[in-house]
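Peer 1: Residue 198 in the numbering used here sits at position 213 of the sequence shown, with consecutive numbering throughout.
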Amino acid sequence: MDNNVQPQQEALSAKIDQPGDLEKICYYVDNNWSSSSVLVTGLQNSTDTNFMNAQMTKIASLWGRSNPTLRFVNDPSNFNSTYNAISYSTGKIYYGYAIYYDAKSKGGDIVNAMILAHEYGHQLQYIFGLPSVSENTARPNELEADGFAGYYLRRPNGYNKTNFSEIAAAYEFAQSIGDYQTTSPGHHGTPAQRRSAVRLGFLLGQYDLNASNFDYNFFYYYQGVLNGTYKMAKNTVNPEIDAYMSQYIDELRKIQSGEISAEEFKHLQ
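1. Does the segment 134 to 148 come within contact of the segment 183 to 191, defined as at least 3 CB pairs closer than 8 Å?
2. Under a three-way DSSP split, which group does residue 23 fall into?
3. When you compare only the Cα positions, how much space is there between residue 60 and residue 97?
4. Helix, strand or coil for residue 152, going by three-state DSSP, please let me know.
5. Tell me, please, which residues DSSP counts as bridged to residue 81.
6. Considering residue 134, what are the terminal residues of the alpha helix (DSSP H) in which it resides?
7. Please determine, among 83, 78, 228 and 178, the residue with the shortest C-alpha to C-alpha distance to residue 239.
8. Taking Cβ positions, are residue 58 and residue 93 nearer each other than 9 Å?
9. What is the DSSP secondary structure of residue 181, reduced to helix, strand or coil?
10. Within its chain, find whatever has a CB closer than 8 Å to the CB of residue 248; leave out the 5 residues flanking it on each side and keep chain order.
11. Along the chain, where does the alpha helix (DSSP H) containing residue 73 start, and where does it finish?
12. Give the DSSP bridge partners of residue 13, in chain order.
13. Would you call the segment 115 to 122 in contact with the segment 73 to 90, where contact means no fewer than 3 C-beta pairs closer than 8 Å?
The following block contains the structure:
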């Protein structure tokens, strides 16, 4: 039974970062967005705005942190130019109108909850100096952020989806924007890698972890980020987690290699 309280029904008890006088007036964003884009404090209606603000509070609270500044980007003259969400090292997340409404139309609220949890994962990386591994592309950062999102979707104090098939719309959307430009600095991971990262994060959601412990366990098991294999040695730091994860190592390998197809992936429990 789904015991999740839908976020749009929650009271916003936490203090939401309020706009200053200048921000109440639309103005040019920055060079990551089109020259005609503007920064705003809400989406097209209060229901959508309240949902995202509630999610921001819940995601930050899960990790024991205060809210970053969440703002939205609109471009009435070039709507599709806002098909992006960006997490800044200055403690801000800017979320485009186009990606919000496309995600919602394709999979409902859970897709935007996942995207926001992914972007907040980058905030955790900025704060704690993560990820603990690196390569010459953004892939480890992006796959770990996918893992953070999968973790949030499962946790009882997160989105509280205990059955993996319940988050099908969210992970389908994420993997659909994977890429095969493996040498590009901005490479986010292939679709199969992104699926396996979300799945691994979801599995780790069985346990209450802080950001650094999540990072350790994520990369302990997801060595496919660097060399295409999964670590088989026992995890002596977290033996309870290791006993649980040992059931899923072969599955994770098959997801990452594509042996488990995107369609089969939808039906994992």
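The C-beta atom is built at its ideal place from N, Cα and C for all residues, glycine as well.
Peer 2: This is what the structure gives:
1. yes
2. strand
3. 19 Å
4. helix
5. 58
6. 124 to 139
7. 178
8. no
9. helix
10. none
11. Note, residue 73: premise wrong, no alpha helix (DSSP H); beta strand (DSSP E) at 70 to 73.
12. 23
13. no
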